Amino acid sequence: MAHIVTSVLENRPVAQDYYELRLAWPSWAPAPQPGQFLTVRTVDGPVPLLRRPFAFSGFDRADSAASIIYQRRGHATTLMTAKRPFDPFDILAPMGNGFPDPGSGRRPILIAGGIGMGPMMFLAERLAQSPYPGILIIGARSGQYLPRVVLSRSVQTILCTDDGSAGRKGSAIDIAREEIRQDGCAPELYLCGPHGMLAAGHALAEELDVPAWVAMEQTMGCAVGACMGCVVRVHGGEEYARVCMEGPVFDSRTIVWT
Amino acid sequence: MDLSVRIGPGTLPNPVGVASGTFGYGSEYEKLIDLSIIGALYTKAVTPEVRPGNATPRIIETPAGMLNSIGLANNGLAGFRAAKIPYLRTLPCPAVVNVAGAKGDDYAKVIEELAAEDCIWGWEVNLSCPNVKTGGLALGTDPTEVEQLTARLRKLTSKPLIIKLTPNVTDITAIARAAEAGGADAVSCINTLVGMVIDTKALRPVLPGKTGGLSGPAILPVGLAAVYRVARAVRIPVVGLGGISEADHAVQYLLAGAHAVQIGTANFIDPTVHQKVLDGIRAFAALHNLKSIPEFHQFID
Ligand SMILES: Cc1cc2nc3c(=O)[nH]c(=O)nc-3n(C[C@H](O)[C@H](O)[C@H](O)COP(=O)(O)OP(=O)(O)OC[C@H]3O[C@@H](n4cnc5c(N)ncnc54)[C@H](O)[C@@H]3O)c2cc1C
Ligand SMILES: Cc1cc2nc3c(=O)[nH]c(=O)nc-3n(C[C@H](O)[C@H](O)[C@H](O)COP(=O)(O)O)c2cc1C
Ligand code: FES
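First to last, the protein sequences are chains A and B.
For the record, in the first sequence the residue sitting at position 140 is 145 according to our numbering, with numbers rising by one throughout.
For the record, in the second sequence the residue sitting at position 102 is 104 according to our numbering, with numbers rising by one throughout.
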């Protein structure tokens with residue numbers, strides 16, 4: 006983890022309300038892994054006050070560039086849409102724990118929804134170069150929310166929408182279930198997206214009796230483990246775990262799903 | 003310029019500390035910040051028993067500030083001993099343990115059991131916790147109770163004893179005088195202000211506990227006025243905090259009568275804030291030819 010004051014290389018829309026921001030990555034800075042995140046200070050002044058967390062959507066040491074995909078939601082993300090090349094970008098990174106490798110003989114099934122697409126694309130690219138490439142399933146409400154991002158040819162991608170306006174019709178979880186059945190593989194699930202989707206992914210993993218890894222979200226204060234602000238309920242003695250330290254990636258069986 | 007600060011029997015190397023609950027136990031920040039420049043590290047509150055903390059969300063941003071409802075989440079005395087004391091022994095700056103509880107016995111227990119630990123420079127007693135005796139009203143709102151509790155804790159320790167004051171009272175100077183009468187070496191103020199945010203879509207408060215503690219730039223003028231008044235009501239040193247995010251804010255606290263300051267919420271935002279504040283205090287002292295911290299107090303009556 007380091008304090009990195011870098012600059013924006015590119016900031017472009019990739020779907021309705023979604024943007025991809027590429028930033029220069031200094032050679033001394035540690036390499037981010039899929040699942041890890043950065044926190045950005047969007048202004049110099051006190052409004053918005055807190056740094057905002059975003060998962061990495063890509064990293065290329067050769068290009069000296071890292072990227073995030075973010076959704077315009079409130080004040081901070083709206084300000085981010087106005088960032089231009091060469092604008093300073095003040096981050097703490099890389100934070101948290103990334104996704105683990107799949108167990109031997111398991112086929113990774115990556116399920117992304119909404120703001121979860123960035124980290125899942127990053128993971129899919131990584132796995133595509135590994136001995137265990139997976140399937141990336143990206144779900145959205147409707148076609149305009151699907152990302153126009155070019156992934157490597159080796160990444161097997163399935164797009165789907167709730168309303169069937171683009172890709173296959175159905176939720177990402179339904180598509181995952183079909184794919185797993187047809188493939189007959191022993192899957193391992195990786196999920197990032199809305200809470201309901203993560204909970205459904207966990208239920209699917211339980212039903213199939215396979216492992217699932219979920220990237221959790223919680224409002225953050227410090228992002229370094231100091232404030233106890235970013236917790237989620239977990240099973241076992243500790244009761245709560247910090248998303249910024251113990252997470253953001255958790256074994257879905259440790260989470261208390263509500 | 004002599005930056006050191008005397009508090010009771012102890013001396014701090016410089017006046018710029020980091021506030022309880024915003025800096026963990028130091029290890030969390032060691033990769034980002036040179037801890038040797040910190041004047042005092044006030045730990046997260048320690049209570050006798052483990053406290054898992056409050057339901058989520060625990061944090062919500064407000065205009066130029068934030069509300070928190072952490073619920074004093076900590077690993078209790080035993081956990082602190084096992085997991086934090088070994089680290090505090092390696093700290094390159096003084097460690098002040100922030101003590102909390104629901105009743106007087108809790109505070110006494112924490113101080114008694116940790117009294118022999120050499121790595122603890124002193125105590126900061128957090129009196130803003132809901133009091134079981136008064137049915138949830140903060141312990142630090144009744145001068146008589148504050149004086150009694152301070153006197154009780156005074157007997158348990160010869161280390162610097164700092165009473166941390168809540169701003170959620172009618173007259174903060176009455177509480178400060180009670181702490182002084184009880185034998186405190188210093189008072190620190192302010193803790194967070196009670197605040198609330200309502201989600202107008204969901205039609206409910208954002209924090210499950212409905213209200214939380216307001217901190218950050220928004221409370222700077224409140225903390226400053228509290229320090230100004232308290233510094234004129236007591237003879238013991240005052241540690242000022244609330245909303246400091248740049249050097250000028252810290253200088254304002256020193257001018258208002260503080261002997262030292264703490265940086266809280268700003269730790270979350272700017273890992274360079276401590277160095278900037280220290281540099282700014284030095285530059286101000288040089289400009290006005292000040293030789294020590296008490297000389298900051300000569301300008302404002
Ligand atoms: C580990 C992690 C990874 C994330 N990765 C991504 C990502 O890759 N892409 C993406 O678009 N979004 C991501 N988010 C969510 C993103 O941080 C929020 O959308 C952003 O903070 C909203 O800020 P805002 O000011 O625009 O909106 P606001 O109006 O302030 O808030 C909108 C919502 O964002 C969330 N939020 C607000 N402040 C914080 C905070 N300090 N910390 C965390 N969440 C907050 C809350 O749920 C809030 O309801 C991630 C969050 C976490 C915790
Ligand atoms: C997340 C958080 C946790 C806190 N926890 C404690 C605590 O355990 N004990 C305590 O005395 N004060 C606690 N505080 C209060 C701070 O120490 C400080 O008094 C307050 O935040 C005002 O300073 P600031 O505006 O610089 O943050 C906490 C504040 C925050 C934001
Ligand atoms: S955000 Fe402070 S502990 Fe995670």
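Yeah, the Cβ is synthetic: ideal placement off N, Cα and C, and Gly gets one too.
Everything numeric in this text was worked out from a predicted model, so none of it was measured.
Hey, quick one: how far does the beta strand (DSSP E) through B:Thr225 stretch, first residue to last? Here the sequence assigns Gly to residue 225 of chain B, which means Thr is not the residue at that position. Looking at the DSSP string, B:Gly225 is not in any beta strand (DSSP E); the run it does join, the alpha helix (DSSP H), is Leu222 to Ala233.
Contact test: A:Arg89 Cβ vs ligand 1 heavy atom, cutoff 6 Å: no
Spell out the partners DSSP gives B:Gly214 in its beta bridges. B:Gly197
Length of the line joining the Cα atoms of B:Ala227 and A:Ala98: 37 Å
If contacts are defined as beta-carbon pairs under 8 Å, then B:Glu147 and B:Leu141 qualify, I think. What distance do you get, rounded to the angstrom? 6 Å
Proximity test, Cβ basis, 7 Å: A:Tyr245 and chain B: yes
Cut-off 8 Å between Cβ atoms - residues of its own chain near A:Gly206, not counting five sequence neighbours on either side: Ile116, Ile178, Ala181, Leu194, Leu196, Ala217, Val219 and Ser257
Considering only heavy atoms of ligand 5, does any lie closer than 6 Å to the CB of B:Ala75? This structure does not include ligand 5; its bound ligands are ligand 1, ligand 2 and ligand 3.
Sequence-distant residues of the same chain with beta carbon closer than 6 Å to A:Ile143, five excluded per side: Ala117, Met122 and Leu164
Span of the beta strand (DSSP E) holding A:Val45? Phe42 to Arg46
Local Cβ density within 10 Å of B:Asn367, reported as buried at 16 or more and exposed below that: The structure shown does not extend to residue 367 of chain B, since chain B spans only 3 to 303, so no value can be given for it.
According to the Cβ coordinates, are B:Ala42 and B:Gly19 closer than 7 Å? yes
Quick one: any contact between the region 154-166 of chain B and the region 182-198 of chain B, if contact means 3 or more CB pairs under 8 Å? yes
Please classify B:Ile61: does DSSP put it in a helix, a strand, or coil? strand
At a threshold of 6 Å, does A:Met225 count as lining ligand 1 (C-beta to nearest heavy atom)? yes
Is any beta-carbon of chain A found at less than 7 Å from that of B:Pro296? no
Can you give me the C-alpha to C-alpha distance between A:Phe2 and B:Pro273, rounded to a whole angstrom? Here chain A has residues from 6 to 263 only, and residue 2 of chain A is not among them.
For A:Pro53, which residues from the same chain have a beta carbon less than 7 Å from its beta carbon, with the 5 sequence-adjacent residues on both sides left out? Thr47, His80 and Ala81
Counting only runs that start and end within the region 132-200 of chain A, where is the alpha helix (DSSP H) found for 4 or more residues in a row? 177-188
Counting pairs of Cβ atoms below 8 Å between the region 249-259 of chain B and the region 287-302 of chain B, do you hit three or more? yes
For chain B, check one thing: does any of its Cβ atoms lie closer than 7 Å to the Cβ of A:Gly119? no
Give a yes or no on whether the minimum CB-CB distance between A:Met6 and chain B is below 7 Å. yes
If we define contact as Cβ-Cβ less than 7 Å, is A:Leu54 a contact residue for chain B? yes
Could you name the residues of the region 23-49 of chain B whose beta carbon sits closer than 7 Å to any beta carbon of chain A, in the order they occur along the chain? Gly23, Thr24, Phe25, Gly26, Glu30, Tyr31, Lys33 and Leu34
Where does B:Val253 fall in DSSP's three states? helix
Let me know if B:Ala80 comes out buried or exposed under the rule of 16 or more other beta-carbons within 10 Å of its beta-carbon. exposed
Where B:Ile39 and A:Phe59 are concerned, what is the direct C-alpha to C-alpha distance, given to the nearest angstrom? 30 Å
For A:Tyr75, is the beta carbon positioned less than 6 Å from some heavy atom of ligand 1? yes
Going straight from the alpha carbon of A:Ser109 to that of B:Leu69, what length do you get? 45 Å
To the nearest angstrom, report how far apart B:Gly214 and B:Asp144 are at their CA atoms. 21 Å
Can you tell which of B:Gly28, B:Ile271 and B:Arg284 has its C-alpha closest to the C-alpha of B:Gly218? B:Ile271
My assumption, with CB atoms under 8 Å, is that B:Ile283 sits in contact with B:Ala249. Please give the rounded CB distance. 7 Å
Closer than 6 Å: A:Gly234 CB and nearest ligand 3 heavy atom: yes
Closer than 9 Å at the beta carbon, the chain B residues around A:Arg46: Ile271 and Asp272
For B:Ala57 and B:Leu158, I'd like the C-alpha separation in whole angstroms. 34 Å
Residue-chain proximity (B:Ile283, chain A), Cβ-Cβ < 7 Å: no
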